[in-house]
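Heads up, this note's numbering is the position in the sequence shown plus 252, with the first residue counted as 1.
Glycine is no exception: its CB is placed at the ideal position from the N, C-alpha and C atoms.
Down below is the structure, laid out as structure tokens.
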Amino acid sequence: MRTEERGPIREEEVFEAIQVGEVIESYEDDKPYPSILVYGRTAQGRPLHLVCAYAEEEDLAIVITAYEPDPLRWIGYRERR
Numbered sequence: 253m254r255t256e257e258r259g260p261i262r263e264e265e266v267f268e269a270i271q272v273g274e275v276i277e278s279y280e281d282d283k284p285y286p287s288i289l290v291y292g293r294t295a296q297g298r299p300l301h302l303v304c305a306y307a308e309e310e311d312l313a314i315v316i317t318a319y320e321p322d323p324l325r326w327i328g329y330r331e332r333r
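Here it is in structure tokens:
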């Protein structure tokens with residue numbers, strides 16, 4: 253099912269996907285904070301990728317972006333083709 257058919261990503265879906273997600277890539281050189289790519293699924297099974305960072309000095313987790321990964325670009329949503 254295409255993203256347009258599922259509608260926009262809701263805030264609660266982001267939280268659901270992060271809670272059960274796994275880190276699939278790390279970007280240690282990102283600025284201003286190192287970031288990670290998390291793959292998770294919502295309670296309804298919608299696959300999401302979330303780019304997140306952690307501001308250690310502020311003890312703040314930041315969700316930079318969330319998107320539904322393209323299955324033509326990802327193997328099992330975890331590995332780039």
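With respect to the 8 Å criterion, residue 300 and residue 265 are classified as neighbours on the basis of their beta carbons. For the set 273, 267, 311, 282, the Cα lying nearest the Cα of residue 291 is the one of 273. If you look at residue 295, you'll find it isn't in any beta strand (DSSP E); DSSP assigns it neither H nor E.
A check of alpha carbon separations from residue 287 across 295, 293, 316 identifies 316 as the nearest. Counting along the chain, residue 277 sits inside no alpha helix (DSSP H); it lies in the beta strand (DSSP E) bounded by residues 274-279.
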